[in-house]
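Novice:
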Amino acid sequence: MSADPSNLMRSVTTPDAEESPLYVTALAKGLSVLTAFGPSRPAMNLLELAEATGLNKSTIQRSVFTLEAMGYLAREGGSKRYRLTVKSLEIGTGYLQTAELIERANPFVQQLNRQTGESCNLLEPWGTDMVYVARFTSHKEMPIHVPIGQRLPMYCTAAGRAYLSALPTEAAMSYIERSNRVAYTAHTVTDPEQLLALLRRARTDGFSLITEEIYVGDIAVGACVVNADGQPLAAINISVPSSRWRPEDVIAELAPQLVNAARAVSSAAKGLKPQAR
1 MSADPSNLMR SVTTPDAEES PLYVTALAKG LSVLTAFGPS RPAMNLLELA EATGLNKSTI
61 QRSVFTLEAM GYLAREGGSK RYRLTVKSLE IGTGYLQTAE LIERANPFVQ QLNRQTGESC
121 NLLEPWGTDM VYVARFTSHK EMPIHVPIGQ RLPMYCTAAG RAYLSALPTE AAMSYIERSN
181 RVAYTAHTVT DPEQLLALLR RARTDGFSLI TEEIYVGDIA VGACVVNADG QPLAAINISV
241 PSSRWRPEDV IAELAPQLVN AARAVSSAAK GLKPQAR
């Protein structure tokens, strides 16, 4: 049985941050409540929220009351279960509207989508995951829905391996070792040495290809976006269903267009610096 990508960790804690006098514990707890919701937990009562966040019931009650009063949470009908509201989108949308990399990359990713007719995405790293920050979907058959903000592991995704391939080997291995290397399908590569070999291949080819490593029926190819110093900033990927594409055709037809698009974005983003993650 394959693992569920929706059960990924949703936060990254900076070492020693909680020991700082500047760290606001109440704020951190409130945010942990908001980020506890997801596809596998769309609605929760107080007890379920306590289990999901690790917070005690008293803290959960105060946090939920405050978030409900501010409009970020709402009760589900007349029940005791809570859901995120549309207002909660404000937090993530603010980033999408102000991120310079997204603004510079969007025209090229959109053009790639028009050229290929397939779903093309921009992903940025966070922790050991890649986060979808821009998405131009295909009008053709696409059985997998991946929303903006979705986080997927670096080690078993085309975008993630493309990003890791642009790092020094030691740094890439650090990401791999810190990852929770789950076998999402029968095809997922989890062995560190095999992953390093795949990164070396991606570094040589200029792109990374995966076949059904995280979703059955999905083939994806990814290329890294770098700045003028060669530091990886993000990655672009093209995702296609195996019902319409074979891996060798993806390499022959889509990979060259993807690499060209990644180079164009890299040129547009050459003055940017990697964000602290």
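If you count the sequence shown from 1, position 154 lands on 154 in UniProt numbering, and the numbers rise without skipping. For every residue, glycine included, the Cβ atom is placed at its ideal position computed from N, Cα and C. Values in this document were obtained by computation on a predicted structure and should not be read as measured data.
Just to confirm, are Arg-161 and Ala-202 a CB contact at a threshold of 8 Å?
Specialist: Reading the sequence shown from its first residue, position 161 is the one you call residue 161. Reading the sequence shown from its first residue, position 202 is the one you call residue 202. Yes, they are a contact pair.
Novice: Along the chain, where does the alpha helix (DSSP H) that runs through Met-70 open and close?
Specialist: For the purposes of this step, residue 70 is identified with residue 70 of the sequence shown, where counting begins at 1. Met-70 -> alpha helix (DSSP H) spans 57-70.
Novice: Cα separation between Leu-198 and Cys-224?
Specialist: Within the sequence shown, the letter at position 198 stands for residue 198. Within the sequence shown, the letter at position 224 stands for residue 224. C-alpha separation (whole angstroms): 14 Å.
Novice: Residue range of the alpha helix (DSSP H) that Ile-176 falls in?
Specialist: Taking the sequence shown and counting its residues from 1, the one referred to as residue 176 is at position 176. Counting along the chain, the alpha helix (DSSP H) containing Ile-176 begins and ends at 169-178.
Novice: Does DSSP put Leu-196 in a helix, in a strand, or in coil?
Specialist: Counting from 1 along the sequence shown, the entry for residue 196 is found at position 196. In this structure, Leu-196 counts as helix in the three-state DSSP scheme.
Novice: Within a Cβ cutoff of 7 Å, which residues of the same chain sit near Leu-272, ignoring the five residues on either side of it in sequence?
Specialist: The residue given as residue 272 occupies position 272 in the sequence shown. Excluding residues within five positions, the ones whose Cβ falls inside 7 Å are Glu-100, Leu-101, Asn-227, Leu-233.
Novice: Helix, strand or coil, according to DSSP, for Phe-37 in the structure here?
Specialist: Position 37 of the sequence shown, counted from the first residue, corresponds to residue 37. Reduced to three states, the DSSP call for Phe-37 is coil.
Novice: Using a Cβ-Cβ distance cut-off of 8 Å, determine whether Cys-224 contacts chain D.
Specialist: Any reference to chain D falls outside this structure, which holds one protein chain only.
Novice: Quick check for students: name the residue ranges of the beta strand (DSSP E) that lie wholly in the region 64-138, counting only runs of 3 or more.
Specialist: With a minimum length of 3 residues, the continuous beta strand (DSSP E) runs that stay inside the region 64-138 are 73-75, 82-84, 119-126, 129-136.
Novice: By Cβ distance below 6 Å, which residues in the same chain neighbour Gly-206 in space, the five residues on each side in sequence not counted?
Specialist: Taking the sequence shown and counting its residues from 1, the one referred to as residue 206 is at position 206. These residues qualify, in order along the chain: Val-259.
Novice: Give me the DSSP bridge partner(s) of Pro-232.
Specialist: Here residue 232 is taken as the residue at index 232 of the sequence shown, counted from 1. In DSSP, Pro-232 forms a bridge with Val-226.
Novice: Report the CB separation of Ala-252 from Phe-108 in whole angstroms; it is logged as a contact under 8 Å.
Specialist: What you label residue 252 is simply residue 252 of the sequence shown in a count that begins at 1. What you label residue 108 is simply residue 108 of the sequence shown in a count that begins at 1. Not a contact, Cβ separation roughly 21 Å.
Novice: Alpha carbon to alpha carbon, what distance is there between Ser-267 and Thr-35?
Specialist: Stepping through the sequence shown from its first residue, residue 35 is reached at position 35. Stepping through the sequence shown from its first residue, residue 267 is reached at position 267. If I take the Cα positions, the gap works out to 34 Å.
Novice: So, does the region 154-170 touch the region 185-197, judging by three or more C-beta pairs under 8 Å?
Specialist: With a cut-off of 8 Å, the region 185-197 and the region 154-170 count as touching, because enough Cβ pairs lie within range.
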